[in-house]
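In terms of numbering that gives the first Met the number 0, the sequence shown is residues 0 to 181.
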Amino acid sequence: MLTPEQIQDARRRAAQVLDEAGFVLTELERDSIEVADFGLSELEQTGLEVVVYVNTQRVCAKELVLFPGQTCPEHRHPPFDGTPGKEETFRCRRGLVYLYLEGPPAERPSCRPAKAERGAYTVWHEVILRPGQQHLVPPNTLHWFQAGPEGAIVSEFSTQSRDDLDVFTDPDIARTTVVASS
């Protein structure tokens, strides 16, 4: 659970990161930056900040802001309504992103989230994305990612996004951020 002040602070910080990188946001986009803590109330460790530009039945475009060391937890995008599930391409715009997905595991992964020892992270094939590099994540593929020590901006291009259908490995995760009443 996050307080309204924590959400406003995270929105302000994310907007500032985007502004410093030369991204221009409308006032509405700044005010509607999604702050996702995945119900864990540990936003600095597990979470991300999201600007959604478009999300139709065919296409979705977003900017993902990750603060230093922040992790988007392991999940997959399952099939729905006759589709194979969400296919997404992550393109690193700023910083460093460690993307983990199904495949041969890294001998020495660069990242080790706290809950890894409890089974919340199970895929360890490591793809390191630097500015200008991108990677396609096929539908229904387990994946997670973490920002490097200076944080990161990632553009996400995908088929329709249905966050409410995401399946997380960690049973403690709730996709919708709960806001504490003031």
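Built from N, CA and C at the ideal position, the CB exists for glycine as well.
DSSP-derived helix/strand/coil call for residue i
i: E86; result: coil
i: E41; result: coil
i: A13; result: helix
i: R29; result: helix
i: E101; result: coil
i: A151; result: strand
i: Q7; result: helix
i: R92; result: strand
i: E116; result: helix
i: E73; result: strand
i: E62; result: strand
i: L47; result: strand
i: L141; result: coil
i: L128; result: strand
i: L164; result: helix
Rounded Cβ spacing between residue i and residue j (contact assumed at less than 8 Å)
i: A13; j: E43; result: 13 Å between Cβ atoms; not a contact.
i: E62; j: L27; result: Rounded, the Cβ-Cβ distance is 14 Å, inconsistent with contact.
i: P72; j: W143; result: 6 Å
Status (buried if at least 16 other CB within 10 Å, exposed otherwise) for residue i
i: F23; result: Per the sequence shown, the amino acid found at residue 23 is Val instead of Phe. Exposed, because fewer than 16 other Cβ atoms sit within 10 Å of the Cβ of V23.
i: G81; result: exposed
i: Q15; result: exposed
i: D169; result: buried
i: R117; result: exposed
i: E87; result: buried
i: V177; result: exposed
i: D171; result: exposed
i: D163; result: exposed
i: R75; result: buried
i: A179; result: exposed
i: D36; result: buried
i: R10; result: buried
i: E19; result: exposed
i: V34; result: buried
i: T175; result: exposed
i: G21; result: exposed
Cβ-heavy atom distance, residue i to the ligand ZN, below 7 Å
i: Q7; result: Ligands are entirely absent from the displayed structure, and the ligand ZN is therefore not among its contents.
- Task: Pair every Cβ in the stretch 90–97 with every Cβ in the stretch 146–166, then say whether three or more of these pairs are closer than 8 Å.
- Result: yes
- Quick one: any contact between the stretch 45–59 and the stretch 123–136, if contact means 3 or more CB pairs under 8 Å? With the rule of 3 Cβ pairs closer than 8 Å, the stretch 45–59 does not count as touching the stretch 123–136.
- Message: So, does the stretch 109–129 touch the stretch 156–166, judging by three or more C-beta pairs under 8 Å?
- Response: no
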